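Engineer:
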Ligand SMILES: Cc1ncc(C[n+]2csc(CCOP(=O)(O)OP(=O)(O)O)c2C)c(N)n1
Ligand SMILES: [Mg+2]
């Protein structure tokens with residue numbers, strides 16, 4: 014990519030020299046990357062980690078756990094044991110791929126659809142269920158202490174990611190912030206402002222746009238007439254790249270390269286991962302009202318898990334009994350997490366006052382005391 018927005022013109026304005034009446038002052042290109050085709054066959058050379066079963070099989074295991082956890086969470090909501098829940102069905106490769114590319118000390122700022130990344134980084138399934146069950150203590154992670162809570166307001170965490178990355182830069186601590194956000198989020202002012210400041214301050218931040226083609230009922234086509242979402246980085250003066258978001262090897266490699274550059278002080282990057290939301294937007298939605306069944310069934314043929322399974326099976330890294338053992342193990346883990354979630358004692362009512370103010374104003378303090386009396390009773 015080359016993007017030299019305005020530099021030649023500016024120089025000529027200053028020196029008073031203009032060679033022609035019209036000239037091209039900026040050009041750019043957006044790369045698209047994929048290593049595995051939808052049937053799991055490698056296209057060309059794989060990155061080094063992609064040739065190592067000890068690196069690739071764990072990605073498959075993590076994606077399987079994510080999918081099984083996700084299905085169980087939907088079932089819990091359907092039976093009244095969880096609040097509204099956003100399924101990540103079909104998007105496991107984006108979440109697991111980006112998390113596998115991150116360092117332990119980096120900071121993840123996720124939306125509500127990166128369950129796979131959270132699990133990879135050590136957030137427990139019980140914590141995720143707690144959060145979606147309405148208990149904010151679910152965001153008090155026992156694992157990645159510095160990762161941010163799930164961000165529900167669209168794109169507001171992009172601004173926070175710039176803040177986190179600024180702190181990292183000022184401290185010279187060679188960590189990066191990774192902000193995952195949706196296709197719809199790239200239409201928000203918060204996103205554009207962040208892209209601008211990230212570029213001009215050369216912040217160590219990587220944006221991963223989880224382009225699942227829909228923002229609730231708004232399609233990608235209705236969202237923007239930009240040809241790619243990756244090119245939105247160009248306006249900020251940094252690189253944008255598209256990857257096949259159903260190819261976990263492509264996601265991990267592209268994000269890893271972007272992280273390496275950001276960590277080395279070369280500034281931000283944006284990776285647009287093309288995937289598809291196979292489920293409803295959330296358990297409160299019915300996507301059949303606004304998209305065709307054929308679109309969804311076509312997308313099932315491109316989903317990320319079968320492709321990876323075919324790839325590892327063809328290399329002899331995976332077989333039927335491995336698969337059965339994995340399913341059994343994941344089921345046990347998910348059920349243990351659900352059982353633990355059921356036994357978490359509810360928060361006291363007074364908790365709603367506890368993290369708002371350092372010193373509670375008198376009016377709220379008296380309300381707190383009233384509630385605290387009710388709690389005791
Ligand atoms: C600031 C703000 N405006 C509106 C909403 C309502 N809302 C919830 S999800 C969503 C769509 C987001 O789409 P996208 O960014 O593509 O993420 P996806 O849900 O597809 O993962 C909207 C508009 C919100 N949560 N926050
Ligand atoms: Mg979307």
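Numbering (my numbering), first residue to last: 14 to 390. Glycine is no exception: its CB is placed at the ideal position from the N, C-alpha and C atoms. The model shown is predicted, which means the values in this text are computed figures rather than measured ones.
Taking 7 Å as the line, does the beta carbon of residue 290 fall inside it for any heavy atom of ligand 2?
Structural biologist: Under cutoff, so the answer is yes.
Engineer: For ligand 2, list every residue whose C-beta falls under 6 Å from any of its heavy atoms, going in chain order.
Structural biologist: Cβ atoms closer than 6 Å to ligand 2 belong to 195, 196, 197, 225, 227 and 228.
Engineer: Could you tell me the distance, in whole angstroms, from the CA atom of residue 131 to the CA atom of residue 112?
Structural biologist: C-alpha separation (whole angstroms): 8 Å.
Engineer: Out of 91, 94, 79 and 92, which has the shortest C-alpha to C-alpha gap to residue 106?
Structural biologist: Minimum Cα distance to residue 106 is reached at 79.
Engineer: Is residue 97 buried or exposed, if buried means 16 or more other CB atoms sit within 10 Å of its CB?
Structural biologist: The residue in question, residue 97, is exposed, as its Cβ has fewer than 16 Cβ neighbours within 10 Å.
Engineer: Excluding the 5 residues preceding and the 5 following residue 135 in the sequence, name in chain order all residues of the same chain whose CB lies nearer than 8 Å to its CB.
Structural biologist: The residues are 154, 155, 156 and 157.
Engineer: Quick check: what's the CA-CA separation for residue 283 versus residue 342?
Structural biologist: Their Cα atoms are separated by approximately 36 Å.
Engineer: Counting C-beta neighbours from all protein chains within 10 Å, is the total for residue 35 16 or more, i.e. buried, or is it exposed?
Structural biologist: So residue 35 counts as exposed.
Engineer: Closer than 8 Å by C-beta to residue 370: which residues in its own chain qualify, once you throw out the five before and the five after it? Chain order, please.
Structural biologist: Once the five neighbours on either side are set aside, the close Cβ partners of residue 370 are 377.
Engineer: Count the other CB atoms within 10 Å of the CB of residue 44; is the residue buried (16 or more) or exposed (fewer)?
Structural biologist: Under this definition residue 44 is an exposed residue.
Engineer: Unbroken alpha helix (DSSP H) runs of length 4 or more, entirely within the stretch 74 to 146: which are they?
Structural biologist: Fully enclosed alpha helix (DSSP H) runs of 4 or longer: 105 to 114, 128 to 134 and 138 to 145.
Engineer: Can you tell me whether residue 228 is helix, strand or coil according to DSSP?
Structural biologist: It is a strand residue.
Engineer: Kindly examine ligand 1 and report whether one of its heavy atoms sits closer than 7 Å to the Cβ of residue 302.
Structural biologist: Checking every heavy atom of ligand 1 against the Cβ of residue 302, none is found closer than 7 Å.
Engineer: Am I right that residue 161 and residue 120 are in contact with their C-beta atoms under 8 Å? What's the rounded C-beta distance?
Structural biologist: Residue 161 to residue 120, Cβ: 7 Å. Contact.
Engineer: At a cut-off of 7 Å, is residue 294 close to ligand 3 when judged by its beta-carbon and the heavy atoms of the ligand?
Structural biologist: The ligand content of the structure shown is limited to ligand 1 and ligand 2, which means ligand 3 is not among them.
Engineer: Taking only three categories from DSSP, how would you classify residue 358?
Structural biologist: Three-state DSSP puts residue 358 in coil, outside helix and strand.
Engineer: Is any heavy atom of ligand 1 found at a distance shorter than 7 Å from the C-beta of residue 47?
Structural biologist: No, Cβ of residue 47 sits at least 7 Å from all heavy atoms of ligand 1.
Engineer: How would you label residue 224, buried or exposed, when you count the other beta carbons within 10 angstroms and need 16 or more for buried?
Structural biologist: By the 10 Å Cβ count, residue 224 comes out buried.
Engineer: Taking the alpha-carbon positions, what's the residue 286 to residue 375 distance?
Structural biologist: C-alpha separation (whole angstroms): 49 Å.
Engineer: Shorter than 7 Å, the distance from the beta carbon of residue 79 to the closest heavy atom of ligand 1, or not?
Structural biologist: It does not: the Cβ of residue 79 is nowhere closer than 7 Å to a heavy atom of ligand 1.
Engineer: Along the chain, where does the beta strand (DSSP E) that runs through residue 173 open and close?
Structural biologist: No beta strand (DSSP E) contains residue 173, which is instead part of the alpha helix (DSSP H) from 169 to 184.
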